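Just below is one structure, and these are the notes that go with it.
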Amino acid sequence: MARCSTSRPRASPSSRAGEAMATAINARPAGIRWMVRALSILAYITLWQVASTTHLNLGIVTFRNVPPPIEVVQSALALFRSPKLTAHVTSSLWRVFAGYGAAVVIGVILGFAIGRSRAASDLLLPPLELLRPIPAVAWIPLSILIFPSSELSMIYITFIGALFPIVLNTVHGVANVDRRLVASARSLGAGELAILREVVLPDAAPSIVTGLAIGMGTSWFCLVTAEMISGQFGIGYYTWEAYTLQNYADIIVGMLIIGLLGMGSSWLLTTAGRLLMPWRSPKVAR
């Protein structure tokens, strides 16, 4: 009778080479990796400088009206010396964190309810799925009609943008908790609150944190859209005003500030998530 082999199949040379390359990349010193990242940004800035100064025209895309980096730096320095920067940034931060904070509370609660209860899923998930594809821009006229002030309408747009990623990722994390862990905890006498706190929340936390990070990004996107239409202060309003006045360098300054604020907010969330989840080791070297 033929003997069954229990040895593991050998990896192909290409797969071994790929694994070796990935290991080598992850094993590089942190200083070298940061240097590579800085050089990549410098390369993009150099390409931008060349394209804008030579008025590069690729047919579909033209850089004739794109200001070079030096003009953007000058506009940024002028804005940093102006008191307008503080007013614009604080207005945007307040709107983002007000709407985002409400979305976190409501989104996580809804996600837990839908993920743990079939009745809640039947009652709440269909209307959420119906409203989810509606873009933030479509909500702006209705929010202006509903709320008495443009400030509340912009906060609401931010809330809507962050709500759906948080809800859906929380539902995904809660619904995919290992049922054997829940059954084991219940057999040991744990109540529903203890199961939620000790079993469901730790297992669903990675998915929830992912939803929080995605929601933060979409909240910035939605806020900028709302500020462009109905705002009087804020980075989105500043960017749109620069466009109407044809201050092209200020447009890029506003875009970069939005990117930095959004990136910083997402970094704070992911860092807090790693600190709150020490049991989950990162899959990719940062």
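Residue 136 in UniProt numbering is what sits at position 136 of the sequence shown, and the numbering runs on without skipping anything. Backbone N, C-alpha and C define an ideal beta-carbon position, used for all residues, glycine too. Since the structure is predicted, the reported quantities are computational estimates derived from the model, not experimental observations.
For G254, the enclosing alpha helix (DSSP H) covers residues 248 to 276. Residue pairing of N57 in beta bridges, as defined by DSSP: T62. Exclusion of the five residues before and after R186 leaves I195 as the residues of its chain whose Cβ lies within less than 7 Å of its Cβ. In chain order, H55, N57 place their CB closer than 8 Å to the CB of R64, counting only its own chain and leaving out the 5 sequence neighbours on each side.
When secondary structure is reduced to three states using DSSP, N169 falls in the helix class. G234 places its beta carbon 9 Å or farther from that of L245.
Of the candidates G217, R116, L201, M277, the residue whose Cα lies closest to the Cα of L260 is G217. DSSP places L245 outside both helix and strand once states are collapsed to three, so it counts as coil. Classified as exposed, P127 has fewer than 16 neighbouring CB atoms from the shown chains inside 10 Å of its CB. Counting of Cβ neighbours within 10 angstroms places G211 among the buried residues, the total reaching 16 or more. From the listed residues S143, W267, M277, I251, the smallest Cα separation to V72 is found for I251. Under the criterion of beta carbons closer than 8 Å, S52 and V66 qualify as touching, at roughly 5 Å.
If you keep only unbroken alpha helix (DSSP H) runs of at least 4 residues inside the segment 34 to 107, you get 69 to 80.
Straight-line spacing of the CA atoms in A138 and I144 works out to 11 Å.
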